[in-house]
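Everything on this sheet refers to the single structure shown next.
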Amino acid sequence: FTHEDNRNGGHFECCKCGYTVNADYNAAKNVGLRYARQRRHRLRSSPKPGSADAPVDVRVNDGTVNGSGFAPVGAA
Numbered sequence: 021f022t023h024e025d026n027r028n029g030g031h032f033e034c035c036k037c038g039y040t041v042n043a044d045y046n047a048a049k050n051v052g053l054r055y056a057r058q059r060r061h062r063l064r065s066s067p068k069p070g071s072a073d074a075p076v077d078v079r080v081n082d083g084t085v086n087g088s089g090f091a092p093v094g095a096a
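Each residue of the sequence shown is one higher than the one before, starting from 21 at the first, in my numbering.
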């Protein structure tokens, strides 16, 4: 979802919480989260035959993104 009120050139600001970041970085983080949540990406050679999807963590500058969401650096 893209709304004109949270864009100012290359800058993104969340209309709900005020989170601010580079718009391209925010988009890349959102793409990584969507990828991780799909859980359709399997290992080429699974550890065990018939094993489930491999967990996916996407590293971003200020944390990691996985199927559960975003975890900032230093989060427990």
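From the three backbone atoms N, C-alpha and C, an ideal C-beta is built for every residue, glycine too.
DSSP state of V51, grouped into three classes?
-> helix
With a Cβ-Cβ cutoff of 9 angstroms, do N26 and E33 count as a contact?
-> yes
Own chain residues within Cβ distance below 6 angstroms of A91, not counting five before or after = G83, T84
Residues in its own chain within less than 6 angstroms of N46 by CB, not counting five upstream and five downstream?
-> F32
Quick one: residues in its chain with C-beta nearer than 8 angstroms to the C-beta of C35, no 5 flanking neighbours on either side, listed in chain order?
-> H23, D25, N26
Any idea if G29 is buried or exposed, counting beta-carbon neighbours within 10 angstroms, 16 or more meaning buried?
-> exposed
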